[in-house]
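A.B. asks: For the sequence shown, counting from 1, position 427 maps to 432 in our numbering; every step adds exactly one.
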Amino acid sequence: MDGVPRVPEQRRGGRDGSSEPAALRFSVLGPVRAWREEELLNTGSPQQRALLAALLLREGRTATAAELIDALWGEEPPSQALAAVRTYASRLRKVLDPGVLVSESGGYAVRGLGFGALDLSMAQELATEAEKARGAGDLCHAREVLNRALALWDGEPLAGVPGPYAEAQRVRLEEWRLQLLESRLDMDLEQGCHAEAVSELTALTAAHPLRERLRELLMLALYRSGRQAEALAVYADTRRLLADELGVDPRPGLSELQQRILQADPGLAEPSAPLAEPSTVPVRPAQLPATVPDFTGRASFVSELSEVLASAEGRVMAVSALAGIGGVGKTTLAVHVAHQSRSAFPDGQLYVDLQGAGARAADPETVLGAFLRALGTADSAIPDSLEERAALYRSVLDGRRVLVLLDNARDAAQVRPLLPGTSGCAALVTSRVRMVDLAGAHLVDLDVMSPDEALSLFTKIVGEERVASEREAALDVVAACGFLPLAIRIAASRLAARRTWTVSVLAAKLADERRRLDELQAGDLAVKATFELGYGQLEPSQARAFRLLGLADGPDISLAAAAAVLDLPVEETEDLLEALVDTSLLESAAPGRYRFHDLVRLYARACAERDEWPPSQRRAALSRLLDFYLGTAAGGYAMERPGDRLVDHLHATGPVGLSFPDRQAARDWLYSEAVPLLACARQSAEGSTLRRAVDLLWASVDLAESGANSKEYEAAATVLRDAARAEGDVRAEGRASVVLSNARLFSGLFDRAYPEAQEAIQLAGTTDDPLPSSWAANILGSIAFYQNRYTDAERFFSQAIDKFRGCGDVAGSASPLCNLSRLHLATGRADTAVALARQGTDIYQSLGHTLRGANGRYALGMALAKTGQHSEATQQLDEALRVFRDSRQRLWEGMTLCRLAEVDLEARKPAQAASNAEMALTVLRGIGGDWRRGHVLTVLGKALNGIGHAGRALVCWREALEIYERLDSPEAAEVRGLLTPVAA
């Protein structure tokens, strides 16, 4: 790193641990200050601090009196300069420890400082460490260390210190800081954090407009974020600025980058060595399920697959696809090989059950989102589309050695986006179909075990002593199991649990079961016969648990939810579930979570239909699960929104569900249970459970509002609305329409949300159900407001306020009050807008309503900004932003950043506005809908235009105009007006 300031050599000696951290500490990367421990020392007048700074920066060498006079006053020193220097030195000596400021050869020096005593020395040490780490390829550590170095700056170096020497050092230290910053930003882009870097680079280029390296990094960050037109606009803006200010052209590196962008050079598309940003160390996922301790046989397959995986480092990508029938042991083999090969993949192992054999296979887009998070990618950096997620996934894996196990795949189309695609990584795929269309894959057809392997597995589980004397009977058993590992494991586990049985007894019973099931297809015969035997030997309570748990649609189930299904205490439920795990009829997916093999689930449901009588018992089990989810979600909703009357209008579930110690725990539960919860709601879309299923979605509204599960939530709401309509349940249909319209509102689908909300009001009018009508009026007002139909919006908001108040929902009335505030703001009534926002915010605060209180602060901040109260507006929005981030409300986080940008523009701070708008664009990626994106782009364009980035502003406005015209939005007229003078 050229230009790194040298630091006093005596301050380097503490690294060996021989000295304790210095009692005295000094800072020059900001105001010149001194501390003894935590006590701030009085370092005197500006000239006295200038003397101290000059001595601290002399590398421990002696500064003569003449040199110090020149440093403090330059060519025109006062007549008493020498006396003044001596006075300053004497005063400093009294303040500092003895022996620190010494007189020598007619001059002065600072000596004997311990390691870490000067902030500049620490910054230099950290910068050197970062450089070494980067050279060694450890970008994560290099970036973290460099951030620590940059954090040592506290404003302008040597702030307030006079004299020519201090001025020269200020320039040098600031230049070094910018070099360090450029180095860190360069590593940001190498790590794939281009979207996040755009905001910081935009602000930096505004502060340092002639610094071409920053412009180059900004162009690259924009290009890698899919914003090619903006990247080219940066070059055009830079070229025009350099010509106007300096009369020169951009340097060759910048021009070359422009040409590469124009040519869509593939080398620019992905970072050279991208890694997800860690907190302190690289994220190394370790997601492999536990391997079975009694793995047996398959030696040739283990050797073959291990050899393919071992070759991953020298190949573009190693892919092995195992195919075979259900129960043949594909997953067990793949997991065993993956564990054996872990050392070849030191950067981690990813695992997913793709549920290819089930009714709803896993969506590759969702899987990629989970993988990216596991690799350390922030939610805000995960793009929306499958193609963009797949590209980012490959970028993040580039340069790393990661093994990906894709279990239970449906077909090659599901698998392709999930393949790493880079040297050093490998993928293991299991499926019931042979993936002949998976290009380059090493195909392995897994057949049943050989008789010897099957007997060996059986013996390992049952015990050598019991099998040795009945070898022929044991061979009959494994043959009756069709030599399928799953069937053998279940049969052997059953025998191991029955000490009074002989192997011959098991063989006879299994033969009987096969005769009973002879009408089944041959391919499933052995497995189902084994299931029947295993199930038949369960204790009654275990058999009941097996049957009822198989009814739930979710991919897995928590212990608490299972206890609700079984209507048993958690401790008793856990004993039953662990007993089923011991018999291999159930799998432990993770601590406190359980799942079925897909074949076992189908069999469990068949058993429930056959043996669980009367059928009402099956319905009751699923009803209890629904009540558990509804009761827990409602409790979490009430904790998040104290005083909100929604919970009083939901279907009463009784004392069921979990209770939480705080809001964070309730929030964690909701997001962790989102998939099985939504599956339960869809499964309950009929008969007596329909209304409760709708209420479950209503109580789980944060899944839609946050953007975290908005697509799945909307799909479930659509199923419930259609089911209610088909059954003629007007009350359920009205509530489902509210839930669906609310979800579409937050997704920016205004045209599709509006008729649903209208339908909800009409349906609510025919039933004694006031709350849906209140919510629907508020939703209709919001949509009308977004569409600039202000008269309609004011009418709907006023109706909503009256409706909420009419049903005693004070907390509910605060929302339309805040919305009405925004309407008054848009129609030029700023003073009443502030009053309305304060009224809504006061309601939330009086009820202790933290999350919705943030919505009140959001509205209040906007209103205050329009009345010129920028400081208080920023304060309100900053507090709202903190709450939204804490509550995982990405949609509101992004929009609050956008509002902060608008306040910055009002306060004439375009650089800060551009930074906030860029962050908003990143956070809102994939959520909120096109209309909100158009709004953020409009604000960003204004900010960019304000900092002289006219070309980028034009690109943003053109994209916003395209969005608004496609949506037939009235905002298009404003954007056309913005474009006209720029284009001219």
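The beta carbon of each residue, even a glycine, is placed where N, CA and C say it ideally should be.
Just how far apart, CA to CA, sit A782 and Y676?
C.D. replies: 28 angstroms
A.B. asks: What first and last residue would you give for the alpha helix (DSSP H) that runs through E109?
C.D. replies: Segment 106–109 is the beta strand (DSSP E) holding E109; no alpha helix (DSSP H) there.
A.B. asks: Would you call Q547 buried or exposed, if buried means 16 or more other Cβ atoms sit within 10 Å of its Cβ?
C.D. replies: buried
A.B. asks: Using three-state DSSP, classify W962 as helix, strand or coil.
C.D. replies: helix
A.B. asks: Can you tell me the Cα-Cα spacing of Q881 and T210, whole angstroms?
C.D. replies: 28 angstroms
A.B. asks: For A343, collect the residues of the same chain with a Cβ closer than 7 angstroms to its Cβ; drop the 5 residues on either side in sequence, then sort them by chain order.
C.D. replies: For A343, where only same-chain residues beyond five positions count, the Cβ hits under 7 angstroms are L293, Q354, L408, L410, L433.
A.B. asks: According to DSSP, simplified to helix, strand and coil, what is L380?
C.D. replies: L380: coil per DSSP, three-state reduction.
A.B. asks: Only counting the same chain, and skipping five residues up and downstream in sequence, which positions put a Cβ closer than 6 angstroms to that of D450?
C.D. replies: Counting only Cβ-Cβ distances below 6 angstroms, and skipping sequence neighbours, we find A328.
A.B. asks: If we require 4 or more residues per run, which alpha helix (DSSP H) segments fall completely within the stretch 352–429?
C.D. replies: 369–379, 391–402, 417–420
A.B. asks: Here's the rule I'm using: 16 or more other beta-carbon atoms within 10 Å means buried, otherwise exposed. How should W897 be labelled?
C.D. replies: buried
A.B. asks: Just reading off the alpha helix (DSSP H) that F551 is part of, what are its end residues?
C.D. replies: In the DSSP assignment, F551 falls within the unbroken alpha helix (DSSP H) covering 545–554.
A.B. asks: Which word fits L267, buried or exposed, when buried means at least 16 other C-beta atoms lie within 10 angstroms of its C-beta?
C.D. replies: exposed
A.B. asks: To the nearest angstrom, how far is the alpha carbon of D727 from that of E738?
C.D. replies: 8 angstroms
A.B. asks: Quick one: Cα of R893 to Cα of S711, how far?
C.D. replies: 7 angstroms
A.B. asks: Near H199, which residues of its chain fall below 6 angstroms by C-beta distance, leaving aside the five closest residues on each side in sequence?
C.D. replies: A226, R229, S230
A.B. asks: For A527, which residues in the same chain have their Cβ closer than 8 angstroms to its Cβ, ignoring the five residues on either side in sequence?
C.D. replies: A caution first: A527 carries a pLDDT of 39, below 50, which makes its placement in the model unreliable, though a value can still be read off. Around A527: no qualifying Cβ.
A.B. asks: When DSSP labels each residue in this structure, what does E764 get in the three-state scheme?
C.D. replies: helix
A.B. asks: What do you get for A418, buried or exposed, if any count of 16 or more other CB atoms within 10 angstroms of its CB means buried?
C.D. replies: exposed
A.B. asks: Within the continuous alpha helix (DSSP H) that includes W78, where are the two ends?
C.D. replies: 70–78
A.B. asks: Is it buried or exposed, A212, if we count other Cβ atoms within 10 angstroms and call 16 or more buried?
C.D. replies: exposed
A.B. asks: Tell me which same chain residues have a C-beta within less than 8 angstroms of the C-beta of I562, skipping the five on either side of it?
C.D. replies: L554, V570, R598, Y599, R600, P681
A.B. asks: What three-state label does DSSP hand H213 in the structure shown?
C.D. replies: H213 sits in coil when the DSSP states are folded into three classes, being neither helix nor strand.
A.B. asks: Just to confirm my understanding: we take D193, look at its own chain, exclude 5 residues before and 5 after, and list those with CB closer than 6 angstroms. What are they?
C.D. replies: Closer than 6 angstroms at Cβ, skipping near neighbours: A202.
A.B. asks: Is the beta carbon of S746 sitting closer than 8 angstroms to the one on A765?
C.D. replies: Yes, the pair counts as a contact, with Cβ atoms nearer than the cut-off.
A.B. asks: When the Cα atoms are used, what is the spatial distance from R521 to V661?
C.D. replies: Any reading at R521 must be qualified, since the residue scores a pLDDT of 48, below 50, and its modelled position is unreliable; the value itself is stated next. R521 and V661: Cα-Cα distance of roughly 41 angstroms.
A.B. asks: Are the Cβ atoms of S204 and M867 separated by less than 8 angstroms?
C.D. replies: no
A.B. asks: For V420, which residues in the same chain have their Cβ closer than 6 angstroms to its Cβ, ignoring the five residues on either side in sequence?
C.D. replies: Within the same chain, V420 has close Cβ partners L411, A414, V434.
A.B. asks: So, under 8 angstroms CB-CB, R406 and P351 are touching, yes? Tell me the CB distance rounded to an integer number of Å.
C.D. replies: 6 angstroms
A.B. asks: If we count the other Cβ atoms within 10 Å of its Cβ and call it buried at 16 or more, is G982 buried or exposed?
C.D. replies: exposed
A.B. asks: Quick check: P490 and G334, are their CB atoms within less than 8 angstroms of each other?
C.D. replies: yes
A.B. asks: Can you list, in chain order, the residues of its chain whose CB lies under 7 angstroms from that of E579, leaving out five sequence neighbours each side?
C.D. replies: L564
A.B. asks: Given a threshold of 16 other Cβ atoms within 10 Å of its Cβ, counted over all protein chains shown, does L29 qualify as buried or as exposed?
C.D. replies: Flag for L29 reads buried.
A.B. asks: Where do the N-terminal and C-terminal ends of the alpha helix (DSSP H) with E499 fall, by residue?
C.D. replies: A small fix is needed here, since residue 499 is Arg in this sequence, not Glu. That run of the alpha helix (DSSP H) goes 490–501.
A.B. asks: Just how far apart, CA to CA, sit K716 and L683?
C.D. replies: 11 angstroms
A.B. asks: Indicate whether L631 and W703 have their beta-carbon atoms separated by less than 8 angstroms.
C.D. replies: no
A.B. asks: Please report the distance separating the alpha-carbon of P167 from that of L157.
C.D. replies: 22 angstroms
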